[in-house]
Amino acid sequence: MDLKFSYGVKTAMVQVTEHLYIVRDDRILKGEPIIKGTRTPVRAIVETWRTGIAPEEIPTGMPHLTLAQVFDALSYYSDHQNEINNYIEFNCIPDELIDPLVKDL
Numbered sequence: 191m192d193l194k195f196s197y198g199v200k201t202a203m204v205q206v207t208e209h210l211y212i213v214r215d216d217r218i219l220k221g222e223p224i225i226k227g228t229r230t231p232v233r234a235i236v237e238t239w240r241t242g243i244a245p246e247e248i249p250t251g252m253p254h255l256t257l258a259q260v261f262d263a264l265s266y267y268s269d270h271q272n273e274i275n276n277y278i279e280f281n282c283i284p285d286e287l288i289d290p291l292v293k294d295l
């Protein structure tokens, strides 16, 4: 289901997905999948999980999220791995642009 909102001349669209907590909003991150009601992209949850942080611990570092939202983001990732991996790659900061003082943190 798509919901349209008019803001002056532009019309923004929020697209719901087959996942309860995941939406796409044209006004946020150019429509990248996010947690509904936040600006948190699914890729942020996936990247955190990939560092070895258990899903149950992710809301500790992102207290605006519930455990259900975290698991739904990981479920969305499971269903859309290529898409989310592309967002992760696109948003990756090249090593040469990372300050050496923080590179190994």
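Counting from 191, one number per residue, gives the positions in the sequence shown under this note's numbering. Built from N, CA and C at the ideal position, the CB exists for glycine as well.
First through last residue of the alpha helix (DSSP H) which encompasses residue i
i	result
residue 233	232 to 240
For residue i, three-class secondary structure by DSSP
i	result
residue 209	coil
residue 225	strand
residue 289	coil
residue 250	helix
residue 283	coil
residue 258	helix
residue 243	coil
residue 199	The predicted position of residue 199 is uncertain, since its pLDDT is 48 and thus under 50; a value taken from the coordinates is nonetheless stated next. Residue 199: coil per DSSP, three-state reduction.
7 Å Cβ cutoff met for residue i and residue j
i	j	result
residue 232	residue 266	yes
residue 262	residue 219	no
residue 271	residue 225	no
residue 236	residue 274	yes
residue 256	residue 248	no
residue 215	residue 204	yes
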